[in-house]
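Each remark here refers to the structure printed beneath this line.
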Amino acid sequence: MFRKLNRQHCRLILIFAAVLFCCELSIVFLKEKANAEKVLDEKLVEAASIADLYLDGRSLHNQASIEAITQTSEKHWAYRLETLSQALGVTYIYTMVQRNGEIYFVLSNPTPEEVAGELPYEYMFLSRYDEAPEELKQSFAGAISQFSNYDDRWGSFRSHFLPRQSEDGTAYVVGVDIPIQTVAALGASSFFIAARRSLFFIILALPFLLISLKLSTRLWREREQHYLFDELTGLSNKRKLLKDLDDTAYPSLVILNVDQFRKISNGFGLAFGDEVLRAFAYHLSTYRHDDVTSYRCYRLQSDEFAVLAALNLPYEQRLAIFQDFYNYVVSRKFRMPDSSIVSFRVKMGVAWGDEDDLFLRAEMALRKARDTNSSVVPFNEAEDVYRVYRQNLVKMEDVKTALYERRIVPYFHPIVDATSGLIEKHEVLARMVDTEGNIVMMPDEFIPLLKQMRLYNRFTLQLIENAIHQANAVSADISVNISTQDIGSERAFSELVSLVRNSKRPESIHFELLESDSLIELDTLIVAILELKKINCRVGLDDLGKEYSNFDRLMALPIDFVKLDRYVMPNLDRDIEIRNIAEKVIDFAKHKNVATVAEFCSSREICRRARAMGIDFVQGFHLAKPCPRILTEVSTF
3 MFRKLNRQHC RLILIFAAVL FCCELSIVFL KEKANAEKVL DEKLVEAASI ADLYLDGRSL
63 HNQASIEAIT QTSEKHWAYR LETLSQALGV TYIYTMVQRN GEIYFVLSNP TPEEVAGELP
123 YEYMFLSRYD EAPEELKQSF AGAISQFSNY DDRWGSFRSH FLPRQSEDGT AYVVGVDIPI
183 QTVAALGASS FFIAARRSLF FIILALPFLL ISLKLSTRLW REREQHYLFD ELTGLSNKRK
243 LLKDLDDTAY PSLVILNVDQ FRKISNGFGL AFGDEVLRAF AYHLSTYRHD DVTSYRCYRL
303 QSDEFAVLAA LNLPYEQRLA IFQDFYNYVV SRKFRMPDSS IVSFRVKMGV AWGDEDDLFL
363 RAEMALRKAR DTNSSVVPFN EAEDVYRVYR QNLVKMEDVK TALYERRIVP YFHPIVDATS
423 GLIEKHEVLA RMVDTEGNIV MMPDEFIPLL KQMRLYNRFT LQLIENAIHQ ANAVSADISV
483 NISTQDIGSE RAFSELVSLV RNSKRPESIH FELLESDSLI ELDTLIVAIL ELKKINCRVG
543 LDDLGKEYSN FDRLMALPID FVKLDRYVMP NLDRDIEIRN IAEKVIDFAK HKNVATVAEF
603 CSSREICRRA RAMGIDFVQG FHLAKPCPRI LTEVSTF
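Okay, so the sequence shown: first residue is 3 according to our numbering, each after it adds one.
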């Protein structure tokens, strides 16, 4: 009987465990699948909204704007949308309009195979979409966002349709697709996750179920601790902050950075630096104020922290609390191993409100605090930084596209012999143009963006290659600006030398080193100049005289010519100090047997003044303006 009861009990235990396993498996599977599909749908919604902003859809989909789209501009937008689709992790991004009850495409990105040239690109503009799913038609009819699973000639997709209206009232829809296989894979993935979590019920008998539940709970908490909390300080991390932002009413966010904390780690070791960070984090978390509720601290990275609080107060009271918080933070003093006492200086950026980009706004305010060396900067004082940041993102994409489409082109500005009045050579200047050849951006605007995107060296090589091709066609000499970024990178400089060496006439190519970039090591600069001179190039120094240049540097460099700073010639008569600088540069140059060039000769009188001073060559708008072709004649003087 005892054995029989034991067998029955074991059977009941096993059955109960199996039932619990199946229930757990079903619950976890459905929950994981629902969460995964929710995340996927949120991704589609976000991608559609970003695409509409990226396209500036309200103006692009006006009736007149749609009619003005050409095949060239359609392809331009298509390839830009392909770049965006890759960044957002979706397959297709497209827009459509409805005319006389029929749905037509306006823009769509190509497939990766079309981008790679494996398949011909299909022209989509105003092609009728006969296979439109019912949800898309409902989106047009009711102006309601819709999700849809459907098949068409391009495949099977999960899509989101975002109805919008242009500035002139034209209705259009932004669509975003991902393969239906991605959705199907969520089910399999969710099942394996559920099976893995529920496997304990198979392995363990019912008497150990409670133990396994406790273990699972502990493991889950450890995983959550690792995912949402900083291991060093115990504070919540950036993931937790972004999650808490959505759940906080009247949120006020402070992002603060500890000045020069790295000096402590470098001076006293990483272990001591970690101890100081833990102490600073504890000090940060102990701040209290009667008007501050729901106060939470976070460590974002290294020596950067954040504080999130609920503050429903007028502007002046908010600022007073932020200042009180700042005073509290900097009041803590730390003893170093050498017995010195240190109190940290911090920079704080502050933002508040229910905006979706509250974190970005606080970061922009912190950047403004760093740039202006201020203690506390509210976002409303950093709005210009934020606006410039957003504008730069758009500009960077435009500049990148122009570079790849070879629309950053050389313009040529003649440099004229001051004695004969004949053209000696042409300085190569860069201009960014549109598809019609009209200038849309100048170098002082697009070159910093190219440097930010690490495309500057590619730009230099492309510009020089283009200029050499045009100069060789008419046997003209050219002069090209190069910076320390071209010289300081061994690979970039090697490619530059190789490009010039393999040109038909390397002796016709002159290089102008920017004097403002001359902080590079002198030995490195001399080696680079000699390397260029080995292949018969001539090398000069640009903008000499700017901000009381070091003339001893001129004497040490093996150069062939110098260009007076652009501020010299127009101000000779108004500033005696500038005139003295010009005379000194000319005397130095004559002593070294180096040619001199005067820029910004904007009038006949300035040209003649330069010649009278003994300057060898002149350049300026009086003679000719920069031109996309190489000139053969200039104005006389």
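Glycine included, each C-beta is placed from N, C-alpha and C at the ideal position.
*Could you tell me the boundaries of the beta strand (DSSP E) in which C299 lies?*
295-303
*asked:* Tell me the DSSP secondary structure of H512 in three-state form.
replied: strand
*Measure the alpha-carbon distance for G355 versus L527 and round it to whole angstroms.*
52 Å
*Where does the unbroken alpha helix (DSSP H) through F336 begin, and where does it stop?*
Run containing F336: none in the alpha helix (DSSP H); it sits in the beta strand (DSSP E), 335-337.
*In terms of residue numbering, what span does the beta strand (DSSP E) encompassing Y96 cover?*
94-101
*Between D154 and the rest of its own chain, which residues show a CB-CB distance below 7 Å, the 5 nearest in sequence each way excluded?*
E133
_Run of the alpha helix (DSSP H) containing D525, from where it starts to where it stops_ = 524-536
*Is it true that the CB of Y131 sits closer than 8 Å to the CB of I95?*
no
_Start-to-end residues for the beta strand (DSSP E) that takes in E438_ = No beta strand (DSSP E) contains E438, which DSSP labels as neither H nor E.
*asked:* At the level of alpha carbons, what is the spacing between V502 and C609?
replied: 32 Å
*Can you have a look at C539 and say buried or exposed, based on whether 16 or more other CB atoms are within 10 angstroms of its CB?*
buried
*List the whole-angstrom C-beta distance separating A558 from L524, where the pair is believed to meet the contact cut-off of C-beta under 8 Å.*
6 Å
*My understanding is that F461 touches L451, with C-beta atoms under 8 Å, so please give their C-beta distance in whole angstroms.*
The Cβ separation is near 10 Å, so there is no contact.
*Smallest Cα separation from R101: which of V175, L57, L424, E429?*
V175
*Beta-carbon proximity list for L42, same chain, < 6 Å, skipping 5 on both sides*: none
*Quick one: grab the DSSP three-state call for C629.*
strand
*Write down every uninterrupted run of the alpha helix (DSSP H) in the region 324-375 whose length is 4 residues or greater and which is fully enclosed by it, in chain order.*
Segments of the alpha helix (DSSP H) lying fully in the region 324-375: 360-374.
_Rounded C-alpha distance that separates L234 from S254_ = 25 Å
*Can the beta-carbon of V108 be found closer than 8 Å to that of I52?*
no
*Give every residue of the same chain whose Cβ lies closer than 6 Å to the Cβ of E137, excluding the five residues on either side of it in the sequence, and list them in chain order.*
Q148, S150
*State buried or exposed for T93, treating a residue as buried only when at least 16 other CB atoms are found within 10 Å of its CB.*
Classification for T93: buried.
_Any contact between the region 592-603 and the region 560-568? By contact I mean 3 or more CB pairs, one from each, below 8 Å._
yes
*What residue range is occupied by the uninterrupted beta strand (DSSP E) comprising P114?*
Segment 114-117 is the alpha helix (DSSP H) holding P114; no beta strand (DSSP E) there.
*asked:* Between which residues of its own chain and V636 is the CB-CB distance below 8 Å, once the five residues before and five after are set aside?
replied: Cβ neighbours of V636 beyond the five flanking positions: P416, V418, G423, I425, L625, A626.
*Go through its chain and collect everything with a Cβ distance to D326's Cβ below 7 Å, but skip five positions before and after it.*
Take D326, set aside five residues on each side of it, and the residues of its chain with a beta-carbon closer than 7 Å to its own are H291, in chain order.
*Is there contact between the region 365-382 and the region 341-349, where contact requires at least three CB pairs shorter than 8 Å?*
Look at the beta carbons and you see the region 365-382 touching the region 341-349: at least three pairs across the two are nearer than 8 Å.
*Using only alpha-carbon positions, find the residue among N474, F513, A367 that is nearest to L532.*
F513
*Look at the Cβ atom of F602, then the Cβ atom of G622, and state whether they are nearer than 8 Å.*
yes
*Would you kindly report the start and end of the unbroken alpha helix (DSSP H) that includes I484?*
I484 -> not in any alpha helix (DSSP H); beta strand (DSSP E) instead, spanning 480-484.
*Buried/exposed call for A66, threshold 16 Cβ in 10 Å*: Under the 10 Å beta carbon count, A66 is surrounded by fewer than 16 other beta carbons and is classified as exposed.
*Report the three-state DSSP secondary structure of P253 (helix, strand or coil).*
strand
*Which class does E133 belong to by DSSP, given the choice of helix, strand or coil?*
DSSP, read as helix, strand or coil, puts E133 in coil.
*What three-state label does DSSP hand L83 in the structure shown?*
helix
_Supposed contact pair S345 and R334 - C-beta distance, whole angstroms, cut 8 Å_ = 7 Å
*Quick one: which unbroken alpha helix (DSSP H) runs of 4-plus residues sit fully inside the region 553-630? Chain order, please.*
553-558, 578-594, 606-614
_Check for me: the beta strand (DSSP E) holding G271 runs from which residue to which?_
Segment: none, G271 is in no beta strand (DSSP E) and carries neither H nor E.
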